[in-house]
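Plus 126 on top of the position in the sequence shown (first one is 1) and you've got UniProt numbering.
Cβ atoms here follow ideal geometry from the backbone N, Cα and C, with glycine treated the same way.
Written below as structure tokens is the structure these notes are about.
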Amino acid sequence: GERLVIVGAGQAGARAAEAMRQAGHAGPILLIGDEAEAPYERPPLSKELLLGTADRESIRVLPADRLPSLGVGVRLGCRVTAIDRTARTLSLSDGSAVNYDKLLIATGARARRLSVPGADLPGVHHLRTIAEAEALGAALRAARRIVVVGAGFIGLEIASAARRLGAEATVLERADTPLERLLPPAAGRVLQSLAEVHGVAFRFGVEIAAIRRDGAGLRVDCADGTAVAADAVVVGIGTEANLELARDAGLAVDNGILVDGEGRTSDPAIFAAGDVAHYPTPINGRRCRLESWQHAQEQAIAAGRTMAGQATTYGRTPWFWTDQFGRNIQMIGLPSRDATVFVRGTAGEAGSVLYLLEGGTLSAAIAFDDPQAIRDARARIESGAPVDAASLGAVPLPAATSAS
Ligand code: FAD
């Protein structure tokens, strides 16, 4: 049978490999990853692993014997450096070459770096891998003061973990609210209030100029001339897709590799899945590069099945969760900055829900400790039917809102 090769042994790569065999593919399957680690899930890295309630073996995508028992070849610690689409050959960092009939690119994303002096000093952390999570967990335990650069989901989760472990946490953010690229400001401020109630300090509108050594610790210099002292600094300013392989091979890319609903790129022999893929959502055909567990899992399975000959379309409504400050916060739909925000209950408290309305329909919902509200919202979002706030039991979210 055909030889199916997967580049990137993360959640998407591992799930796709399993799905190919389960869909009945009888030929060779090879999974190649540059990390030395067997595939693992990343959500616990900023949660349970930081807090010490999970360890590296408990976060594996698959049991250790799963892929061998399916007859899937695995090569770890090996980087794919180029794709030759004409010869259908991959070049590997160990100097060898691998042929493919169909290829899945599941190379994920990497943490974006600050480009300022001192960005690589010891004590400046990023969070994408197990090793980085273990190093950050140790640093949070030893630190009295933590500075988090970036008020995105990962930055807020790290601030939450720092507070739980007893450190002071200051979040520095260039924008005026948390998650500014994703959420309407009023919704971002609900997350801000929740963090503030738990002792996190924020500074918005702050540009980082440099990070310097200061005695035994570090000092973050801001462009406005102010400085913040820290024992450790964590940079959580988003990700960049690992799409160079695809781009250099001439595949169509945006900020991710463009794929259709079945995961196919602009080359019919090459597919892409997970964080690196830029896919058509079921919501008005809007495309995006989604960084979420559900997408890495299910869009990869659809691509794997399609590659195995069982065409499968991934059409799930985006869903995401984050755990911070004792709350399980789930988000469904595709939020946009321009949505109008309504609230049911007291924003940020357990059982409260933020509803994002656009053009008379529900585009997204964010629920605090209320998974049932997410299931209900999913149905309304997917129906696309007109919705009014009153029927949701919601009222306009006041501009200044606080959580307790
Ligand atoms: P990755 O997991 O990044 O795997 C890609 C793999 O490919 C990596 O091992 C990489 O090293 C390897 N690779 C790259 N280039 C090459 C190459 N050229 N050759 C060989 N190998 C290569 N999602 C949620 O829904 N909820 C959460 O609460 C949540 N929390 C998160 C917390 C953290 C700290 C992080 C980092 C992510 C979180 N996510 C969360 C997102 C979720 O973990 C990702 O969407 C998911 O891991 C994406 O899987 P992936 O397989 O596409 O990419």
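A straight line joining the alpha-carbon of Ser509 with that of Ala426 spans about 25 Å.
Sequence-distant partners of Thr207 (beyond 5 residues in either direction) whose C-beta falls short of 6 Å from its own C-beta, in its chain, are Ser217 and Ser219. With respect to the 8 Å criterion, Val316 and Gly474 are classified as neighbours on the basis of their beta carbons. Around Thr215, the same chain offers Ala223 and Asn225 as residues with beta carbons nearer than 6 Å, after the five sequence neighbours per side are excluded.
About 12 Å separates the beta carbon of Gly389 from that of Ala434, a gap too long to meet the 8 Å contact definition. In this chain, the alpha helix (DSSP H) harbouring Glu370 covers Glu370 to Asp374. With fewer than 16 neighbouring CB atoms inside 10 Å of its own CB, Pro512 falls in the exposed class. Taking every protein chain shown into account, the CB of Ser184 has fewer than 16 other CB atoms within 10 angstroms, so this residue is exposed.
When rounded, the separation of the alpha-carbon atoms in Leu309 and Asp350 is 26 Å. Around the Cβ of Thr179, a 10 Å sphere holds fewer than 16 other Cβ atoms; the residue is exposed.
Shown here for Leu298: same chain residues with a beta carbon closer than 6 Å to its own, the five before and five after excluded, namely Val275, Arg329 and Val332 in chain order. According to the DSSP assignment, Ser517 belongs to no alpha helix (DSSP H), since it is labelled neither H nor E. At a Cβ-Cβ threshold of 8 Å, Ala367 and Ala235 count as neighbours. Counting C-beta atoms within 10 angstroms of its own C-beta, Asp181 has fewer than 16 neighbours from the protein chains shown and is therefore classed as exposed. Taking the CA atoms as reference points, Arg338 sits about 41 Å from Ile132.
Per the Cβ contact rule, the region 438 to 457 is in contact with the region 416 to 426 (3 or more Cβ pairs under 8 Å). Between the region 489 to 498 and the region 459 to 468, the count of Cβ pairs shorter than 8 Å is three or higher; the stretches touch. A contact between stretches requires three or more CB pairs, one per stretch, nearer than 8 Å, and the region 138 to 147 fails this requirement with the region 168 to 176. Look at the beta carbons and you see the region 366 to 380 not touching the region 245 to 253: under three pairs across the two are nearer than 8 Å. Taking C-beta atoms as the reference points, Val187 and Ile155 fail to come closer than 8 Å. Between the C-alpha atoms of Arg205 and Ala213 there is a straight-line separation of about 19 Å. The C-beta separation of Phe468 from Pro522 comes to about 6 Å, placing the pair in contact by the 8 Å criterion. A heavy atom of the ligand FAD is found nearer than 7 Å to the CB of Pro169. A Cβ-Cβ distance of about 6 Å is found for the pair Arg267 and Leu291, placing them in contact under the 8 Å criterion. In the DSSP annotation of this structure, Phe451 is not part of any beta strand (DSSP E), being labelled neither H nor E.
Rounded to whole angstroms, the gap between the alpha carbons of His252 and Arg501 is 33 Å. Of Arg345, Asp160 and Gly127, the smallest CA-CA separation from Gly134 is found for Asp160. Cα atoms of Ala356 and Ala265: separation of roughly 11 Å, rounded to the nearest angstrom. When the Cα atoms are used, Arg192 and Ala295 turn out to be separated by approximately 41 Å. Your pair Ala398 and Thr391 checks out as a contact, with CB atoms roughly 5 Å apart and the cut at 8 Å. Ranked by Cα distance from Pro524, the first of Leu371, Asn381, Val402 and Pro311 is Pro311. Beta-bridge partners assigned by DSSP to Ser489: none are found.
According to the DSSP secondary-structure assignment, Tyr481 is paired through a beta bridge with Phe468 and Ala491.
Phe451 is not a Cβ neighbour of Ala476, given a cutoff of 8 Å. In the three-state scheme derived from DSSP, where H, G and I count as helix and E and B as strand, Ala268 is classed as helix. Judged by the Cβ position, Ile158 qualifies as a neighbour of the ligand FAD at the 7 Å threshold, a heavy atom of the ligand being closer than this.
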